[in-house]
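What follows is a short report on a single structure.
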Amino acid sequence: MRIYNTLTGSKQIFKPIEEGKVRMYVCGPTVYNLIHIGNARPMIIFDTVRRYFEYKGYEVNYVSNFTDVDDKIIKKANEEGVSSEEISTRYIAECKKDMEGLNVRPATTHPLATEEMGEIIDLIQVLMDKGYAYKVEDGTVYYRTRKFSTYGKLSGKNIDDLEGGHRAILVAGEDQKEDPLDFVLWKPKKEGEPYWESPWCDGRPGWHIECSAMSRRYLGKTLDIHAGGEDLIFPHHENEIAQSEAANDATFSNYWMHNGFLNIDNKKMSKSLGNFFTVRDIANEYDLQVLRFFMLSAHYRSPLNFSRELMDAASNALERIITAADNLRFLISKSEVEALKDDEKENLSKVSDFVKKYEEAMEDDFNTADGISAIFEIVKLANQTASGESSKAYLKEVLETIEKLCDVLGIFTEKQVAEGAISEEEILAKIEERAEAKKAKDFARADAIRDELLAAGVEIKDTREGVKWTRV
Ligand code: AMP
Ligand code: ZN
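Quick note: the sequence shown uses the working numbering, first residue 2, plus one each step.
Structure representation (structure tokens):
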């Protein structure tokens, strides 16, 4: 398996630290609002990476944090006149709902910054003891960036080029820093803000330290994979490396994966431009499976442009897979031939070639776009070869293959049944009732049943193999 590693700027063969296991950390969202579709991209991509490792038999320890103490959360809490805990608790719950809709599995652990203060303080103390951190008069603790000699190695920045830029954004109160490049590890409390006791002052952590502390607690000093959106490369991930490697004397992460940005109509997503969508907005228009499928149709490192046309194309493509799978299920229920026929054996060998193609694509830095093409080859073959004469064994093998490959992508091969929708038992009972009506030559009743089903969102078709139904 080859993974593009931001640290080396090249694709590298994946070698886990521990045989058969993957330790993976993905920076999660700051929870002060509903997540937007840009936030959904890393969630979907790295959930798919996790699923592929599991498909290959790896045990994945997947950790993803929620940043639940932050200026934006505090601002929102003050606006609403509630505690920042109320804000973060609310939006963590909302985020989990969206993740479920996107079929993003919960992480093995979702640590919260506010619940890891002991770990965060311990880590800052180690940096203090080793001379990588210092406290200034007002109690702020800074990281001594220049002391970390390889600073800039992830983003490819030269420390001497950075200084100018940083000096320009020096804000009031920061003049106690030894060097403009130094960044905050701990800062003193302000009126009306949540705070924790520490050896330096009552206050709260800077943003970067939480990931270094949590990843070490749940995954150890060295990770296999650390991931997030490309905007996190600098300064967030660069600072995480500086903190963790200085404290632990160990490589922080062997592989660094970053997803490209999601843009809307070729522009940066922004509230002020009016081109900003939450996952919830999209859920009102599309099945969230379509959003997931759309995201996986492009390479994760490329920028991705979101538009209605592309979403509609994704919706049609997904529909083709679901229709083929539904047809296979229907034919399985009707087939009277058990054993494989000779030509079917030949077709199954083509199916396994497509599976190989799929795996090769996924193992070449998770090329999900080519992986999806391989699934479509199987769908095409199924449409050409599955019929009322096919054996159960053949139909099942083809269906299970499509299901398995889609499951790695987190894509369902069945239409999701909306809450309150007519159940399968009810549909089958109606179809049976219609058959009885037809037998009794009561065609008016038979037609009425067809219309009733249609009104309930179910279309039926009479075929040679029997009555076929689909949700529309
Ligand atoms: P944040 O809450 O801003 O820290 O973002 C959480 C995650 O979403 C991070 O991994 C970001 O890199 C990622 N992210 C934010 N905006 C976008 C976007 N427009 N496209 C892709 N990823 C994004
Ligand atoms: Zn992080």
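Cβ atoms here follow ideal geometry from the backbone N, Cα and C, with glycine treated the same way.
Inter-residue spacing [alpha-carbon to alpha-carbon] between residue i and residue j
i    : j    : result
G132 : V70  : 27 Å
I242 : S213 : 8 Å
R168 : K57  : Note on R168: pLDDT 48, under 50, position unreliable in the model; the coordinate value appears next. Whole-angstrom Cα-Cα distance: 48 Å.
K222 : M215 : 10 Å
E108 : S65  : Going by the sequence as given, residue 108 is Ala instead of Glu. If you take the alpha carbons of A108 and S65, they lie about 6 Å apart.
K393 : D99  : 37 Å
E81  : G102 : 27 Å
I46  : K154 : 24 Å
P181 : E87  : 35 Å
L28  : A228 : According to the sequence as given, residue 28 is Cys; it is not Leu. Distance between the alpha carbons of C28 and A228: 7 Å.
N328 : E437 : 24 Å
N104 : I412 : 8 Å
Y5   : Y256 : 8 Å
I283 : L292 : 8 Å
A173 : T151 : For A173, the predicted model reports a pLDDT of 49, less than 50, meaning its position is unreliable; a value from the coordinates is still stated below. Going from the Cα of A173 to the Cα of T151 covers about 29 Å.
D72  : T31  : 10 Å
V418 : I234 : 40 Å
E404 : E390 : 22 Å
K358 : L406 : 11 Å
T453 : I265 : Reading off the sequence shown, one finds Glu at residue 453, where the question assumed Thr. In a straight line, the C-alpha of E453 is about 40 Å away from that of I265.
D203 : H238 : 26 Å
When the options are compared against residue i, the one with the closest alpha-carbon
i    : options                   : result
R145 : E117, I125 and F184       : F184
Y26  : D343, V50 and A41         : V50
N267 : T324, A248, S303 and L35  : S303
I210 : W197, F278, I125 and K346 : I125
K269 : N249, F307, F253 and Y301 : F307
E426 : K405, A441 and W470       : W470
N276 : T31, H37 and E20          : H37
V142 : D161, P189 and E378       : P189
K136 : E95, Y152, K178 and A41   : K178
L455 : I432, G29, P195 and E320  : I432
T115 : F67, E60, V473 and S150   : F67
K381 : V399, G389 and F367       : V399
S388 : K357, G467, C407 and Q417 : G467
V280 : G10, N34, T7 and K16      : N34
E434 : S424, E420, I450 and K148 : I450
Y59  : S84, E20 and K97          : E20
L332 : Y301, T464 and P195       : T464
E129 : K191, N249, I160 and L163 : Glu is not the amino acid found at residue 129; the sequence shown has Met there. Taking only the C-alpha atoms, the option nearest M129 is N249.
Y301 : K22, D48 and F15          : D48
The ligand ZN heavy atom lying under 8 Å from the CB of residue i
i    : result
C407 : no
G229 : yes
N66  : yes
C96  : no
L233 : yes
E241 : yes
H475 : With the chain covering 2 to 473 only, the question about residue 475 has no answer from this structure.
C212 : yes
H111 : no
Q209 : It should be noted that the sequence gives His, not Gln, for residue 209. Result yes, Cβ under 8 Å from the ligand ZN.
H238 : yes
Any non-hydrogen atom of the ligand AMP closer than 8 Å to residue i Cβ
i    : result
P30  : yes
D37  : Per the sequence shown, residue 37 should be read as His rather than Asp. Yes, since a heavy atom of the ligand AMP falls inside the 8 Å radius drawn around the Cβ of H37.
N328 : no
P43  : yes
N264 : yes
M270 : yes
N40  : yes
Residues sharing a beta bridge with residue i, DSSP
i    : result
M100 : For M100, which the question treats as bridged, DSSP gives no partner whatsoever.
V230 : Position check: residue 230 holds Gly in this sequence, whereas Val was assumed. Bridge partners of G230: N260.
W470 : I461
I428 : DSSP output for I428 lists no bridge partner at all.
L305 : L263
D365 : R3
K22  : E60
P206 : W187
T31  : T68
I14  : R3
K268 : I265
S254 : L224
L113 : F67
T324 : In DSSP, T324 forms no bridge with anything.
Y279 : It is Thr, not Tyr, that sits at residue 279 in the sequence shown. H37.
V338 : S392
CB contact check: residue i to chain B, cutoff 9 Å
i    : result
L233 : Note that chain B does not occur in the displayed structure, where there is just one protein chain.
Inside the segment 38–91 only - beta strand (DSSP E) runs reaching at least 3 residues: 60–65
Alpha helix (DSSP H) runs contained entirely in the segment 125–203, provided each spans 4 or more residues: 160–169
Hey, which unbroken runs of the alpha helix (DSSP H) at 4 residues or more fall wholly within the segment 340–394? As far as the segment 340–394 is concerned, its whole alpha helix (DSSP H) runs of at least 4 residues are 343–364 and 369–386.
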